[in-house]
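Comments concern the structure below.
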Amino acid sequence: MLEQIAARLPSLSAAEARVAELVIARPESVQSAPVAEIARLAGVSQPTVIRFCRSLGATGLSDFKLKLVKSRASGVPYVHAAVSADDAPADIAAKVFDNTLSALMHCRSQIDPPALEDAVKRLAEARRIEFYGMGNSGIIAADAQHKFFRFGMATVAYADPHIQTMAASVLTPDDVLVAISNSGRSLEILDAVHVARESGAGVIALTRRDSPLAELADVALTIDVPEDADSVSPMLSRLMHLVLIDILAVGVALRRGPGVIDLLEKSKRNLSGRRLRERKNES
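Quick note on full-length UniProt numbering: the sequence shown kicks off at 1 and runs consecutively.
See the structure below:
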């Protein structure tokens, strides 16, 4: 249902589009709110809410809510289940894009604003930031370090469990560890987090809800993307974690102020001389 609403946005009237944006951003609120409250939150009239519901094929608000609940309960489709051996490359591309867009909308609805604000604040004020991950998550940790060190911050990424444990033991209360694990059950990551907490460092986790890692962290940014890691390499969760890292990086850059922009511009200037110049067409 959320996918259908997002696809229909360009064709909706301005008033109905406001209702659509509210549903996409706050589906839980819409599911439990009466028509008057939905109209107030969207800034439209009550008849507009009903027209919007009917434009999605529902007989009214109650029917729309029922369809929305059923749709959200079914979760995001599995990438490996959506494609088949008979699919042409173009079909595979379309299905992978569709599943990724669906997962992004699902992730957007799960974001906890207070937790996100807390994470940005901790990172912006940290003396040192360390990113830990194993396997696919180790690649995400490296990407995070690549983004944050350009802000003039002391950052490092570790994917080796022995080094993670040793590094965590010398962290201080002024430092922050960002632990990345889709399952939230990696013993090596959990051990390193325990050591970091004993050192007094703050811990931010990118993981799934109700996992041991989420419970252990000071701040947990959780996403639950259904995919069978035994059948395919985790595709959707990896992309969602990369997006979360981007969100944190943008938030920290804005919070640290104009000095960060100056550093980024300086870095760009220093790299500009290392690229081949484009050839102009000769007349």
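Glycine included, every Cβ here is placed at the ideal spot set by N, Cα and C.
Put simply, of V193, A14, P27, I163 the residue whose alpha carbon is nearest the alpha carbon of L206 is V193. If one requires a minimum length of 3 residues, the beta strand (DSSP E) runs lying completely within the UniProt domain "SIS" (119-258) are 128-133, 154-158, 175-180, 202-207, 219-222, in chain order. Spanning the alpha carbons of D218 and I204 requires a straight line of approximately 6 Å.
Shown here, M105 sits in a helix according to DSSP, grouped into three states. In this structure the region 133-147 does not lie against the region 93-113, because fewer than three pairs of beta carbons, one per stretch, are closer than 8 Å. In the structure shown, D112 falls within a coil segment according to DSSP collapsed to helix, strand and coil.
Secondary structure at T59: coil, using DSSP grouped into helix, strand and coil. Exposure of F97 is indicated by the presence of fewer than 16 other C-beta atoms within 10 angstroms of its C-beta.
The distance from the Cβ of V120 to that of G251 is about 4 Å, consistent with a contact at the 8 Å cut-off. Proximity of the region 23-38 to the region 131-141 falls short of the contact definition, fewer than three beta-carbon pairs being nearer than 8 Å. Taking C-beta separations shorter than 7 Å and ignoring five residues to either side along the sequence, the partners of Q46 in its chain run V35, A36, A39, following chain order. Annotated three-state conformation of P34 is coil, per DSSP.
In the three-state scheme derived from DSSP, where H, G and I count as helix and E and B as strand, S11 is classed as helix. DSSP places V19 within a helical segment (H, G or I) once states are collapsed to three.
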